[in-house]
Amino acid sequence: MSAGPDPQADPGALLAALLGPPPGPAELLAAWFDTPLGRMIAVADQKRLHLLEFLERPALPTELRRLAARGRIGPGRTAVTDRTEARIAGYFAGERAAFDLPLALHGTDFQQQVWRELQRLPAGTTISYAELARRIGRPQAVRAAARANGANQIAVVIPCHRVIGSDGALTGYGGGLWRKQALIAHESTHFAG
């Protein structure tokens with residue numbers, strides 16, 4: 026698995042390198058901001074958040090290219106990216122566990138069902154992939170639920186980090202298992218019970 030983009034890269038240069046220069050005005054704007062667990066990128070239009078990822082996620086270039094098929098992406102900020110940054114800062118400060126952000130979910134009906142269920146999980150709790158599949162009424166679809174969990178493009182806000190193996194082991198997280206462990210520990214400290 027290759028490493029994701031350089032977290033210190035200039036946002037405009039990174040987007041141009043990945044996507045080429047936009048052929049016209051950008052329809053989606055990408056903003057970078059720092060968190061205690063590393064830099065994140067938020068991509069939004071004027072109404073909804075389309076992507077929120079840790080910059081080192083290996084799948085980020087592919088995610089950005091897919092998103093660019095929906096609209097040109099350029100560096101910049103919107104009220105939605107500003108609000109996202111503020112909500113993430115509040116989360117890491119231990120002030121808020123819930124996010125009231127307008128989301129654009131790009132996935133199949135099944136994936137969106139999984140992502141909505143993930144948003145119902147209280148901070149400071151974890152469930153297994155089998156339990157996630159059971160909660161969406163598809164107990165035999167454990168692997169499909171795991172794949173949908175991994176396809177989430179709105180990290181932290183859609184808390185895919187709260188899903189663990191049936192044996193309690195930390196498994197797969199696009200931002201790195203160390204981040205998954207740190208997010209779970211942060212929530213246990215600040216938001217549990």
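The opening position of the sequence shown corresponds to residue 26 in the numbering used here, with each subsequent residue numbered one higher. Every residue gets a Cβ at the ideal spot worked out from N, C-alpha and C, and that includes glycine.
Continuous beta strand (DSSP E) stretch holding residue i: start and end
i     : result
His75 : 74–79
Thr60 : 53–60
Residue from the options with nearest C-alpha to residue i
i      : options                       : result
Leu54  : Arg73, Pro147, Glu120, His186 : Arg73
Leu143 : His131, Ala194, Glu156        : Glu156
Val105 : Thr60, Val139, Ala56          : Ala56
Ala210 : Ile98, Tyr116, Gly101, Asp70  : Tyr116
Gly96  : Asp59, Asp192, Gln71          : Gln71
Leu126 : Ala176, Ile113, Thr60         : Ile113
Close Cβ partners of residue i (< 6 Å) along its chain, the five nearest in sequence each way excluded
i      : result
Leu208 : His186
Ala129 : Arg73, His75
Val181 : none
Gly149 : Glu212, Ser213, Phe216, Ala217
Thr196 : Gly190
Limits of the alpha helix (DSSP H) - the one that residue i falls within
i      : result
Val68  : Not the alpha helix (DSSP H): Val68 falls in the beta strand (DSSP E), residues 63–69.
Pro100 : Not the alpha helix (DSSP H): Pro100 falls in the beta strand (DSSP E), residues 98–100.
Glu120 : Glu120 -> no alpha helix (DSSP H), and no H or E assigned at all.
Pro147 : First-last for Pro147: undefined, no H or E at that position.
Opposing strand residues paired with residue i [DSSP bridges]
i      : result
Ile152 : Val188
Ile179 : Leu77
Leu128 : Leu74
Close-in-space but distant-in-sequence residues of the same chain around residue i (CB under 7 Å, 5 per side omitted)
i      : result
Met26  : Residue placement at Met26 is flagged as unreliable, the pLDDT there being 44, under the threshold of 50; the coordinate-derived value follows with that caveat. Answer for Met26: Pro83, listed in chain order.
Ala158 : Pro164, Ala166, Val167, Ala170
Cut-off 8 Å between Cβ atoms - residues of its own chain near residue i, not counting five sequence neighbours on either side
i     : result
Glu88 : Leu76, Glu78, Arg82, Gln178
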